[in-house]
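K.L.:
Position in the sequence shown (from 1) plus 6 gives the number in this note's numbering.
Ideal placement from N, C-alpha and C gives every residue a C-beta, glycine not left out.
This one's a predicted model, so the numbers in the text were calculated from it and none came from an experiment.
Sharing a structure here in structure tokens format.
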Amino acid sequence: MLSVIYVSVADPDLGPADIASMVAGAQANNARDGLTGALIYNGQNFMQLLEGPVAGVEACLARIRADLRHHGMIEVRRRLVDVREFADFSMLYSPLFRAHDEDLSRLAARRALDPQDERLMSNFLGLGRPGGAG
Numbered sequence: 007m008l009s010v011i012y013v014s015v016a017d018p019d020l021g022p023a024d025i026a027s028m029v030a031g032a033q034a035n036n037a038r039d040g041l042t043g044a045l046i047y048n049g050q051n052f053m054q055l056l057e058g059p060v061a062g063v064e065a066c067l068a069r070i071r072a073d074l075r076h077h078g079m080i081e082v083r084r085r086l087v088d089v090r091e092f093a094d095f096s097m098l099y100s101p102l103f104r105a106h107d108e109d110l111s112r113l114a115a116r117r118a119l120d121p122q123d124e125r126l127m128s129n130f131l132g133l134g135r136p137g138g139a140g
């Protein structure tokens, strides 16, 4: 299985309804294609962890790269894995993920989420908050 984390810059005209539509589409497509993951939006940028069969992840990434709702997509981590980190979620999402800081820490503590991935996600969340990362 392939696991990829990427970041991108959101179109500044995206509103909550646009993001809700994007998430609903991702959840449906991922469920259909056997993919799982989490999407974080910090108010300006997206970070997504996407995992599943190699061909499915690669096809999904190609669609994501062509999506005009964001640009500047950069992969920050790519690796083969045996176990999914977000196996229970076709696409976990919560606006600005504010309620999930402690959840990410708990997942890491239970070894359900790689500690490095937890740090990446937590730091990314901090970038979208007043006062920056931390």
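Below 8 Å on the Cβ atoms is my contact criterion, and I expect ASN36 with MET97 to pass it. Report the Cβ-Cβ distance as a whole number of Å.
P.N.:
About 5 Å separates the two Cβ atoms, so the contact holds.
K.L.:
Find the nearest neighbour of GLN50 within the set ARG71, GLY21 and LEU67, judged by alpha-carbon distance.
P.N.:
Residue GLY21 is the option with its Cα nearest to GLN50.
K.L.:
Where SER27 and TYR99 are concerned, what is the direct C-alpha to C-alpha distance, given to the nearest angstrom?
P.N.:
Going by the C-alpha atoms only, they are around 12 Å apart.
K.L.:
On a Cα-Cα basis, can you pick out the residue from GLY40, ASP73 and TYR47 that is closest to ALA61?
P.N.:
Taking only the C-alpha atoms, the option nearest ALA61 is GLY40.
K.L.:
Does the distance from the CB of PHE83 to the CB of GLN122 come in under 9 Å?
P.N.:
According to the sequence shown, residue 83 is Arg rather than Phe. Yes; because the gap between Cβ atoms is below 9 Å, this pair is in contact.
K.L.:
May I ask which residues mark the beginning and end of the alpha helix (DSSP H) holding SER27?
P.N.:
Unbroken alpha helix (DSSP H) run through SER27: 22-39.
K.L.:
ARG85 by DSSP, collapsed to three states: which one?
P.N.:
In this structure, ARG85 counts as strand in the three-state DSSP scheme.
K.L.:
Could you give the distance in angstroms between the alpha-carbon of ALA114 and the alpha-carbon of VAL15?
P.N.:
With a pLDDT of only 49 at ALA114, under 50, the local geometry of the prediction cannot be trusted, and the value read off the model is given with reservation. Rounded to whole angstroms, ALA114 to VAL15 spans 26 Å at the Cα level.
K.L.:
Are GLU171 and VAL87 closer than 9 Å when you measure CB to CB?
P.N.:
Lying outside 7 to 140, the shown extent of the chain, residue 171 is not represented and no answer is given.
K.L.:
With burial defined as no fewer than 16 other Cβ atoms inside 10 Å of the residue's Cβ, what is the status of GLU81: buried or exposed?
P.N.:
Result: exposed.
K.L.:
Would you list the one or two residues that DSSP bridges to PHE52?
P.N.:
Answer is SER14 and TYR47, bridged to PHE52.
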